[in-house]
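Undergrad: Under our numbering, read the sequence shown as residues -4 to 331, first letter to last.
We put the beta carbon where it would ideally sit given N, CA and C, even for glycine.
The model shown is predicted, which means the values in this text are computed figures rather than measured ones.
Here it is, the structure, as structure tokens.
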Amino acid sequence: MPVHTSESSQGNRGRSFGLGLALASAVAFGGSGVAAKPLIEAGLDPLDVVWLRVAGAALVMLPLTVRHRGLVRSRPALLAGFGLLAVAGVQAFYFASISRIPVGVALLVEYLAPALVLGWVRFVQRRPVTRAAALGVVLAVGGLACVVEVWSGLSFDVLGLLLALGAACCQVGYFVLSDQGSDAGEEAPDPLGVIAYGLLVGALVLTVVARPWGMDWSVLGGTADMDGTAVAASLLLGWIVLIATVVAYVTGVKSVRRLSPQVAGVVACLEAVIATVLAWILLGEHLSAPQIIGGAVVLCGAFIAQSSTPAKASQTPVAGGTGDAERELSARGTAV
């Protein structure tokens, strides 16, 4: 009994720490759009901002690529996938979308990803999902219809919405790939190494796409307008690189490892709320009442969908956890 209590206590602490990391990641990611949009409006192309963000973060994390160089031989597919989807894909689609539609709307569309994860679980992993999870998907889609105000003839830019949906699809890859190897014990790939190489791969891919040598570099030496307030462009870029990328990815991947893609996805939905509130306060992007209600329904649907997904039978928090029998019982208890 004393041993069981100790293991349970360690598991609870590990889960609590994982939830804290997931919340920190949501806050960090949530501030990226409000810092990037003024730079885009100041004259930088969305792809230029994405390249600056990813390349800057890759430079900060570069020493870790040397330390974890063994990952290139042992996990090449994971590193390539993380770089292409979780880094380059998510950021490029998201920044392109906010150049055409409000930050809050782009994030709400992107956060259909937790519902899309269900499709991965059901049709790729062939694991059962619950009726409540299916209801969550329906709510998320219905809420999205309110966000984009379909009754007014899709008042938002259709291309902007499609770009945000592309970010949602890539974010599914972020949650799935972040969890790869979490059940491999000591052989699990180090998350810092995966992030470092993912950023490096993303930077290389985006260099070819964005062609930064043609960028208007003078913008970074001036100021950008944030709802009537002049802010140094270099300060905004520093926030995007260090907080909204390095800190966001490190805390996000570590949280997925300690929790699961499903649970971390639920907490990550707070990013949409944080980004919408920040855009309202700092950028003056006000949403209508139906859009606010629709956004709440999207988040509620995503929460139901993710929290109703059966957990992996092998899921164990890094800091400790329950036994195999308890995990198997938990997995069976939520499945249809």
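Just how far apart, CA to CA, sit aspartate 185 and tyrosine 169?
TA: The alpha-carbon atoms of aspartate 185 and tyrosine 169 are separated by roughly 16 Å.
Undergrad: Just checking my contact of leucine 294 with tyrosine 106 at CB under 8 Å: how many whole Å lie between their CB atoms?
TA: Contact holds; Cβ gap of about 7 Å.
Undergrad: Just to confirm before moving on: does the CB-CB distance between alanine 53 and alanine 163 stay below 9 Å?
TA: Not closer than 9 Å, so no.
Undergrad: Looking only at C-alpha atoms, which of Tyr192, Arg10, Val22 and Phe118 sits nearest to glycine 78?
TA: Looking at the Cα atoms, Tyr192 is the closest of the given residues.
Undergrad: Quick one: what does DSSP say aspartate 43 is sitting in, helix, strand or coil?
TA: Of the three classes helix, strand and coil, the one that applies to aspartate 43 here is helix, per DSSP.
Undergrad: Would you kindly report the start and end of the unbroken alpha helix (DSSP H) that includes valine 203?
TA: That run of the alpha helix (DSSP H) goes 186 to 205.
Undergrad: Taking the alpha carbon of serine 229 as the point to measure from, which residue in Leu103, Val82 and Leu34 has its own alpha carbon closest?
TA: Residue Leu34 is the option with its Cα nearest to serine 229.
Undergrad: For tryptophan 372, is the classification buried or exposed, using 16 other Cβ atoms within 10 angstroms of its Cβ as the cut-off for buried?
TA: Since the first residue of the chain shown is -4 and the last is 331, residue 372 is not available in this structure.
Undergrad: Just to confirm before moving on: does the CB-CB distance between alanine 21 and leucine 201 stay below 9 Å?
TA: Against a cut-off of 9 Å, the Cβ pair of leucine 201 and alanine 21 comes out as no contact.
Undergrad: Starting from threonine 218 and walking both ways along the beta strand (DSSP E), at which residues does that stretch end?
TA: Looking at the DSSP string, the run of the beta strand (DSSP E) that includes threonine 218 is 218 to 221.
Undergrad: When the Cα atoms are used, what is the spatial distance from alanine 37 to alanine 225?
TA: The alpha-carbon atoms of alanine 37 and alanine 225 are separated by roughly 11 Å.
Undergrad: May I have the straight-line CA-CA distance separating isoleucine 299 from leucine 16, to the nearest angstrom?
TA: If you take the alpha carbons of isoleucine 299 and leucine 16, they lie about 21 Å apart.
Undergrad: If we count the other Cβ atoms within 10 Å of its Cβ and call it buried at 16 or more, is arginine 126 buried or exposed?
TA: So arginine 126 counts as exposed.
Undergrad: Going by other Cβ atoms of all chains shown within 10 Å of its Cβ, with 16 needed for buried, is glutamine 286 buried or exposed?
TA: Burial call: buried.
Undergrad: So the candidates are Ile238, Asp43, Gly138 and Thr60; which of them puts its Cα closest to the Cα of glycine 290?
TA: Comparing Cα positions, the closest option is Gly138.
Undergrad: Classify serine 11: buried if its beta carbon has 16 or more other beta carbons within 10 angstroms, exposed otherwise.
TA: It counts as exposed.
Undergrad: Give the DSSP-derived three-state secondary structure of glycine 168 in the structure shown.
TA: Here glycine 168 sits in helix by DSSP.
Undergrad: Can you tell me where the beta strand (DSSP E) with valine 226 in it begins and where it stops?
TA: 224 to 227 is the span of the beta strand (DSSP E), which, as asked, contains valine 226.
Undergrad: So, is isoleucine 96 buried or exposed, given that buried needs 16 or more other C-beta atoms within 10 angstroms?
TA: Buried is the call here.
Undergrad: Around the Cβ of tryptophan 46, are there at least 16 other Cβ atoms within 10 angstroms (buried) or fewer (exposed)?
TA: Buried, because 16 or more other Cβ atoms sit within 10 Å of the Cβ of tryptophan 46.
Undergrad: Closest to serine 250 by C-alpha separation, out of Ser173, Ser27 and Ser283, would be which residue?
TA: Among Ser173, Ser27 and Ser283, the Cα nearest to that of serine 250 belongs to Ser173.
Undergrad: Is there contact here, the segment 229 to 239 with the segment 48 to 67, by at least three beta-carbon pairs under 8 Å?
TA: Touching, yes.
Undergrad: Using a threshold of 9 Å, state whether the C-beta atoms of leucine 231 and alanine 30 are closer than that.
TA: Going by C-beta atoms, leucine 231 is nearer than 9 Å to alanine 30.
Undergrad: On the criterion of 16 or more Cβ atoms from any shown chain inside 10 Å, does aspartate 40 qualify as buried, or is it exposed?
TA: Aspartate 40 should be labelled buried.
Undergrad: Comparing C-alpha positions only, which one of Thr218, Leu42 and Gly188 sits nearest to arginine 62?
TA: Per the Cα distances, Gly188.
Undergrad: For arginine 253, is the classification buried or exposed, using 16 other Cβ atoms within 10 angstroms of its Cβ as the cut-off for buried?
TA: Buried.
Undergrad: Would you decide whether valine 292 is buried or exposed? Buried here means 16 or more other CB atoms lie within 10 Å of its CB.
TA: When all chains shown are included, valine 292 counts as buried.
Undergrad: Going by C-alpha to C-alpha distance, which of Ala270, Val153, Gly296 and Ser283 sits closest to valine 98?
TA: Valine 98 has its Cα closest to that of Ala270, out of Ala270, Val153, Gly296 and Ser283.
Undergrad: With C-beta atoms as the reference, is alanine 83 less than 9 Å away from valine 204?
TA: Contact flag set, yes.
Undergrad: Using three-state DSSP, classify methionine 210 as helix, strand or coil.
TA: Coil.
Undergrad: Is it buried or exposed, glycine 279, if we count other Cβ atoms within 10 angstroms and call 16 or more buried?
TA: Result: exposed.
Undergrad: For the candidate residues Ala81, Val44 and Gly76, whose alpha-carbon lies nearest to that of alanine 243?
TA: Closest option to alanine 243, Cα to Cα, is Ala81.
Undergrad: If you draw a straight line from the alpha carbon of phenylalanine 24 to that of alanine 267, how long is it in whole angstroms?
TA: Between phenylalanine 24 and alanine 267, the C-alpha separation is close to 9 Å.
Undergrad: Leaving out five residues before and five after tryptophan 115 in sequence, what residues of the same chain have Cβ atoms less than 8 Å from its Cβ?
TA: For tryptophan 115, where only same-chain residues beyond five positions count, the Cβ hits under 8 Å are Val167 and Val171.
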